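Only one structure is covered here, and it is reproduced in the block below.
In this note's numbering, the protein residues as written are 1 to 236.
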């Protein structure tokens with residue numbers, strides 16, 4: 001074998017060794033890459049499992065929050081219902097107290113009315129008339145041109161029978177109308193003196209006379225002059 005052949009064999013052997021080494025290196029690198037990829041896949045699977053577990057836990061928490069939210073809503077509705085019931089009970093208690101107060105007030109008023117009737121029943125006619133005069137001056141009830149025996153008796157807390165008998169039997173007045181006209185006349189004369197800017201019609205109406213003619217007739221009957229003449233006589 002010549003040197004040339006030997007050299008070729010050496011080169012071929014070297015190439016074969018180099019190829020084998022290269023294959024071994026490639027195989028090792030491939031295994032390393034496969035192992036790395038396997039670990040990456042395992043890590044990815046682990047992450048997926050963790051994400052899945054986290055997602056499941058999150059869904060569970062969301063479900064719990066929804067259940068808690070619904071429970072809170074129910075509790076709020078119950079509280080509102082209880083508050084409404086409490087408000088109704090409070091109103092009922094207030095109304096009950098109000099009814100009690102009204103009943104008590106009515107009882108007191110009834111008792112006072114009874115005592116008042118008993119008191120006036122014991123008065124003589126002169127005492128009762130003096131009492132009526134005082135009440136009429138305080139309230140000026142006589143200025144109501146539509147005042148009747150019934151309404152006057154109710155306003156004073158008297159019975160119609162007692163009030164009617166008082167004026168029917170009184171030596172000065174023949175009836176209630178005479179008494180009212182006297183009170184109106186006295187008040188009208190006062191207005192004629194104290195309110196010079198008022199018209200005669202306004203004075204008559206304020207005093208309780210139904211109209212100007214009625215007023216003038218009453219004044220002329222009692223004084224012999226008209227309301228205007230009376231006013232003029234007071235300014236001289």
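Where is the CB? At the ideal position from N, CA and C, for every residue including glycine. Predicted, not measured: the structure shown is a model, and the values here were computed from it.
Subject >> Status (buried if at least 16 other CB within 10 Å, exposed otherwise) for residue 181 >> reply: buried
**OP:** Mark residue 98 as exposed unless 16 or more other C-beta atoms lie within 10 angstroms of its C-beta, in which case mark it buried.
**Re:** exposed
Original post:
Exposed or buried, what is residue 227 when buried is set at 16 or more other beta-carbons lying within 10 Å of its beta-carbon?
Top reply: buried
**OP:** Let me know the alpha helix (DSSP H) ranges lying completely inside the stretch 140 to 175, each 4 residues or longer, listed in chain order.
**Re:** 149 to 156, 160 to 168
Original post:
Which residues mark the beginning and the end of the alpha helix (DSSP H) in which residue 233 is found?
Top reply: 227 to 235
Original post:
In its own chain, which residues sit with a C-beta less than 7 angstroms from the C-beta of residue 136, not counting the 5 before and 5 after it?
Top reply: 142, 183
Original post:
Are the stretch 120 to 133 and the stretch 158 to 168 touching by the rule of at least three beta carbon pairs closer than 8 angstroms?
Top reply: yes
Original post:
So which of 178, 177, 206 has the shortest CA-CA distance to residue 187?
Top reply: 206
Original post:
Apart from the five residues on each side of it in sequence, which residues of its chain come closer than 7 angstroms, Cβ to Cβ, to residue 93?
Top reply: none
Original post:
For residue 177, does the three-state DSSP call read helix, strand or coil?
Top reply: helix
Subject >> Within 8 angstroms, strictly: CB atoms of residue 212 and residue 201 >> reply: yes
Subject >> Contacting residues, own chain, Cβ-Cβ under 8 angstroms from residue 173 (five flanking each side not counted) >> reply: 167, 179, 182
**OP:** Output the boundary residues of the alpha helix (DSSP H) element that contains residue 217.
**Re:** 212 to 223
Subject >> 8 angstroms contact criterion, which residue 208 and residue 144 should meet: CB distance rounded >> reply: 6 angstroms
**OP:** Quick one: using the 10 Å Cβ neighbour count with 16 as the cut-off for buried, is residue 156 buried or exposed?
**Re:** buried
Original post:
In terms of residue numbering, what span does the alpha helix (DSSP H) encompassing residue 122 cover?
Top reply: Element bounds for residue 122: n/a, residue is neither H nor E.
Subject >> Where residue 152 falls, given that 16 or more other Cβ within 10 Å makes a residue buried >> reply: buried
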